[in-house]
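Residue 0 is where the sequence shown starts when you use numbering that gives the first Met the number 0, and the numbers rise one by one after that. Beneath this line is the structure, given in structure tokens, with notes to follow.
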Amino acid sequence: MFELTPFNNSFTNDLLTFNNMIDDFFNNRYLSSKNIRNDTFKIDVKESEKEYLVEAELPGIKKDEMKIYYEERRMMIVVKRVVQANEEKENYVHRERRITSMQRSIYLGDINVGAIEAKLEDGILKIKAPKKEKIDNRLQIEVK
0 MFELTPFNNS FTNDLLTFNN MIDDFFNNRY LSSKNIRNDT FKIDVKESEK EYLVEAELPG
60 IKKDEMKIYY EERRMMIVVK RVVQANEEKE NYVHRERRIT SMQRSIYLGD INVGAIEAKL
120 EDGILKIKAP KKEKIDNRLQ IEVK
């Protein structure tokens, strides 16, 4: 039997999902050896009428190890961390916590760039990006 698929009237949501999927695909340079789900940080993006809310899991990352950019309707979260471990001084048997760099790109549309707020707390980066106010330039023309 057929599965039920929810109907979403918004073409925009489908386009945003597609754009994010394409970004994730092309931002991963080592497609055969990396897995996006395991090698980058996890993000959630919520949308309301007034703003976008982005939450990214970044455990152990400090503020000075990340940068957030917004350009051409895309928000880029970039993490660069160099862990210099002197293997001779430390007695590691196994080591997996070596992070060099990660990044995620999110398509957000028109936002008020001057009002973006970002806060890192308990390993969660929270970004509030207010949307630009939509101006209705429609004018009804009277037909005579």
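All C-beta atoms in this analysis are idealised placements derived from N, C-alpha and C, irrespective of residue type, glycine included.
Following the DSSP letters along the chain, one finds residue 69 inside the beta strand (DSSP E) bounded by residues 65-70. DSSP, reduced to helix, strand and coil, places residue 60 outside both helices and strands of the structure shown, so it counts as coil. At a Cβ-Cβ threshold of 8 Å, residue 105 and residue 115 do not count as neighbours. Each residue's CA atom was taken as its position, placing residue 141 and residue 45 some 41 Å apart. Within the DSSP secondary-structure output, residue 43 pairs in a beta bridge with 54. When the beta-carbon positions are compared, residue 65 and residue 78 come within less than 8 Å of each other. Secondary-structure assignment with DSSP links residue 130 through a beta bridge to 110. Distance check between residue 42 and each of 130, 122, 92 places 122 closest, using alpha-carbon atoms only. Separation of residue 112 and residue 90 (C-alpha to C-alpha, rounded to the nearest whole angstrom) is 47 Å. Membership of residue 119 in the beta strand (DSSP E) is indicated by the continuous run 116-120. For residue 79, the enclosing beta strand (DSSP E) covers residues 73-79. Taken through DSSP and simplified to helix, strand or coil, residue 140 comes out as coil.
Contact between residue 75 and residue 107 is absent: CB atoms are separated by about 11 Å, not below the 8 Å threshold.
For residue 49 against residue 130, the beta-carbon gap comes to about 6 Å, under 8 Å, which counts as contact.
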